[in-house]
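What follows is a set of notes on a single structure, which appears directly below.
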Amino acid sequence: MTTIRPDAELMTGYDVEAAITRGLLIDGSPRRVLFSDAAIAASYQAEALSVGPHPLGFLARYVRAGGFTAALALPEPVIGREAGELVRGWLRAAAATGAGVQREALFARWLASVALLITLRRRTREAGN
0 MTTIRPDAEL
10 MTGYDVEAAI
20 TRGLLIDGSP
30 RRVLFSDAAI
40 AASYQAEALS
50 VGPHPLGFLA
60 RYVRAGGFTA
70 ALALPEPVIG
80 REAGELVRGW
90 LRAAAATGAG
100 VQREALFARW
110 LASVALLITL
120 RRRTREAGN
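Under numbering that gives the first Met the number 0, the residue at position 7 of the sequence shown is numbered 6, and the numbers go up by one with no gaps.
Written out as structure tokens, the structure reads:
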């Protein structure tokens, strides 16, 4: 039986940063959780702070090209103070796993997945109108 969590719980009750750290360090179940539950929760959290898919997609490419250090050096990874704090928390959690091309590429792929989830939810809402 699959449990469906309410949107509010996903937005506020899920520790995305812990899932990022575990998912980047440990293959298997933690990695699957990173790309499922954590990505869904992150997309809800981002969307609640008006972060769209394009800034996250750009940040994913930036991480892929420059790594964690370059992304953390950005003065504003996304627009808005609260949104920037949210995304910077994700970046810090990822960077805490240690720099490395594979981890940085994996995190960039995760960011792109979060952006895709936002895009899909927006398209679904638009199609329902």
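All C-beta atoms, glycine included, are put in the ideal place defined by N, C-alpha and C.
Residues near residue i by beta carbon distance below 7 angstroms, same chain, minus five either side
i, result
"P76", "L58, A70, G83, V86, R87 and L90"
"A38", "W109, S112, V113 and L116"
Nearest-angstrom Cα separation, counted from residue j out to residue i
i, j, result
"I136", "R30", "An answer regarding residue 136 cannot be provided, because it is not within the stretch 0 to 128 covered by the chain."
"R124", "L48", "17 angstroms"
"L52", "R122", "Correcting the residue type first, residue 52 is Pro in the shown sequence and not Leu. The straight-line gap from Cα to Cα measures roughly 12 angstroms."
"A129", "L119", "Residue 129 is absent from the structure shown; the chain starts at 0 and stops at 128."
"I16", "A93", "It is worth fixing the name first, because residue 16 is Glu in this sequence and not Ile. The straight-line gap from Cα to Cα measures roughly 8 angstroms."
"D14", "G65", "26 angstroms"
"F34", "W109", "6 angstroms"
"G99", "D26", "15 angstroms"
"F67", "L55", "14 angstroms"
"L73", "S28", "32 angstroms"
"V50", "D36", "19 angstroms"
Contact set for residue i: own chain, Cβ-Cβ below 6 angstroms, skip 5 residues either direction
i, result
"L24", "T96"
"S42", "V113, L116 and I117"
"A45", "none"
"Y61", "A70"
Own chain residues within Cβ distance below 8 angstroms of residue i, not counting five before or after
i, result
"V32", "A18, R21 and G22"
"R63", "E103, A104 and A107"
Closer than 7 angstroms: residue i CB and nearest the ligand GTP heavy atom
i, result
"A72", "Judged by which ligands are present, the structure shown has none, so any question about the ligand GTP falls away."
**Message:** With three or more beta-carbon pairs closer than 8 angstroms as the criterion, would you say the region 75-85 touches the region 107-122?
**Reply:** The answer is no - the region 107-122 does not touch the region 75-85, with fewer than three Cβ pairs under 8 angstroms.
**Asked** In chain order, which alpha helix (DSSP H) runs of at least 4 residues are fully inside the region 22-109?
**Response** DSSP runs (the alpha helix (DSSP H)) wholly in the region 22-109: 28-32, 38-47, 52-71 and 80-94.
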